[in-house]
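Residue numbers (the numbering used here): 48 to 436. We put the beta carbon where it would ideally sit given N, CA and C, even for glycine. This report concerns only the one structure given below.
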Ligand SMILES: C[S@@+](CC[C@H](N)C(=O)[O-])C[C@H]1O[C@@H](n2cnc3c(N)ncnc32)[C@H](O)[C@@H]1O
């Protein structure tokens with residue numbers, strides 16, 4: 048197998064770790080992956096970031112940088128029919144599992160091209176540019192995450208979008224303490240570490256904060272050994288707070304284009320009345336700092352970045368009537384959707400439901416012939432209907 052290119056000091060130790068514990072430990076399945084994840088559907092992402100799906104976005108070039116065992120690459124193929132997809136990872140074993148996963152799911156038949164290669168995201172100079180780069184849970188495992196971000200920025204098409212997931216300090220407080228305890232106990236990052244790490248949670252008193260937090264928040268996620276190892280035994284990880292995150296983004300000259308879990312950053316989740324009013328009067332970045340302070344359970348940041356700032360202007364009623372629409376591809380239930388893009392139960396009145404069915408049945412009809420602007424606007428704001436620019 049090719050040498051994945053040691054351009055980051057952590058590469059040898061990180062690739063060896065994932066060879067031992069390929070992540071994620073999700074089982075393989077025959078046929079398409081279950082459900083959907085709209086962050087891996089390019090059209091859904093475009094609509095979320097730009098407010099509309101620009102023309103010419105039908106055959107995107109997509110990179111899954113640090114694809115692990117291929118769960119995300121699998122969705123990227125099935126949710127973007129006709130795309131050109133490249134999945135890369137430095138771990139030979141993780142990549143072998145990714146190949147097997149996509150083989151079982153029939154992913155290659157969905158896309159125009161699919162490549163899965165063992166290489167580093169620092170080593171992509173000969174690859175041209177990508178419309179969408181997904182890199183989830185990867186850059187924080189580099190010795191030099193800034194170099195990783197610059198490398199990805201260098202592969203982004205001028206109108207391209209980058210989706211990142213990085214650890215957040217606050218919600219990982221208990222994880223960091225557990226990691227440090229296991230390091231002090233010198234359990235290592237292999238099978239012994241796994242055995243003793245699990246034993247630690249059995250041994251600590253039931254009321255102990257670390258054990259309680261693990262039980263209540265993470266035990267289910269850590270059922271697979273590789274997921275437990277990824278959380279508690281990792282030899283190389285960094286985490287951020289919002290301030291450091293925005294400094295990090297600026298080092299690559301990129302622009303923040305929105306969280307991919309905006310519900311978490313909605314102040315109304317935490318405040319009401321006068322406090323909510325005051326909070327909403329703050330500039331966006333301060334609103335997010337406030338959420339970060341008020342919710343110390345936030346354990347990761349997931350967000351989109353772009354090469355140039357993105358400005359969205361709401362369409363006039365006239366423009367809305369003339370526009371064409373697309374039913375959000377990530378809805379559950381055909382033709383009557385019952386779950387939204389986050390797989391949450393959907394409340395629709397008859398007019399809204401009828402509009403979604405009409406768009407599906409008559410994709411070439413301008414929206415104005417199907418419903419009133421207020422109904423169109425509301426469904427677009429709720430990301431149930433995607434406007435075509
Ligand atoms: C936590 S796993 C995430 C896997 C996948 N993105 C997901 O979320 O399911 C991190 C992956 O990043 C890979 N990785 C770390 N550094 C990398 C690099 N420089 N280039 C490519 N992959 C890398 C690791 O081998 C590992 O498989």
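Between residue 229 and residue 240, the gap from beta carbon to beta carbon is short of 8 Å. With contacts defined by Cβ atoms closer than 8 Å, residue 198 and residue 287 do not form a contacting pair. As the crow flies, the alpha-carbon of residue 108 is around 32 Å from that of residue 271. In the same chain as residue 356, and ignoring 5 residues on each side of it, the C-beta atoms closer than 7 Å to its own belong to 302, in chain order. For residue 70, the CB falls within less than 7 Å of some heavy atom of ligand 1.
DSSP places residue 207 inside the beta strand (DSSP E), whose first and last residues are 203 to 214. With three or more CB-CB distances shorter than 8 Å, the stretch 204 to 213 counts as touching the stretch 170 to 179. From the listed residues 227, 192, 91 and 138, the smallest Cα separation to residue 63 is found for 138.
In this structure, residue 359 keeps its C-beta atom at 8 Å or more from the C-beta atom of residue 113. Taking 8 Å as the upper bound for CB-CB distance, residue 136 and residue 165 are in contact here, some 7 Å apart. In this structure, the alpha-carbon of residue 142 lies about 14 Å from that of residue 110. Spanning the alpha carbons of residue 338 and residue 263 requires a straight line of approximately 22 Å. In the DSSP assignment, residue 293 falls within the alpha helix (DSSP H) that extends over 289 to 298. Inclusion of residue 292 and residue 189 in the CB contact set at 8 Å is not warranted, their separation being larger than that value. Runs of the beta strand (DSSP E) spanning 3 or more residues and lying entirely within the stretch 90 to 160 occur at 108 to 112 and 131 to 136, in chain order.
Membership of residue 322 in any beta strand (DSSP E) is not indicated; the residue belongs instead to the alpha helix (DSSP H) covering 320 to 327.
When secondary structure is reduced to three states using DSSP, residue 261 falls in the helix class.
For residue 280, the three-state secondary structure derived from DSSP is coil. Within the DSSP secondary-structure output, residue 354 pairs in no beta bridge. Per DSSP, the beta bridge partners of residue 392 are 386. Rounded to the nearest whole angstrom, the C-alpha separation of residue 249 and residue 258 is 8 Å.
Per DSSP, the continuous alpha helix (DSSP H) segment holding residue 240 begins and ends at 238 to 250.
The stretch 382 to 397 makes no contact with the stretch 410 to 419: fewer than 3 CB pairs, one atom from each, lie closer than 8 Å.
Here residue 83 carries a coil assignment [DSSP, helix/strand/coil]. A distance below 6 Å between beta-carbons, with the five flanking residues on each side excluded, links residue 101 to the following residues of its chain, in chain order: 436. The stretch 68 to 82 makes contact with the stretch 146 to 154, as at least three CB pairs between them are under 8 Å.
The straight-line gap separating the alpha-carbon atoms of residue 118 and residue 87 is approximately 11 Å. Collapsing the DSSP output to three states places residue 178 in a strand.
For residue 54, the three-state secondary structure derived from DSSP is coil. Nearest C-alpha to residue 145 among 158, 162, 156 and 129: 162. Nearest neighbour of residue 298 by Cα position, chosen from 69, 201 and 121, turns out to be 201. The nearest non-hydrogen atom of ligand 1 is less than 7 Å from the C-beta of residue 183. Here DSSP, grouped into helix, strand and coil, assigns residue 70 to coil. For residue 371, the enclosing beta strand (DSSP E) starts and ends at 371 to 374.
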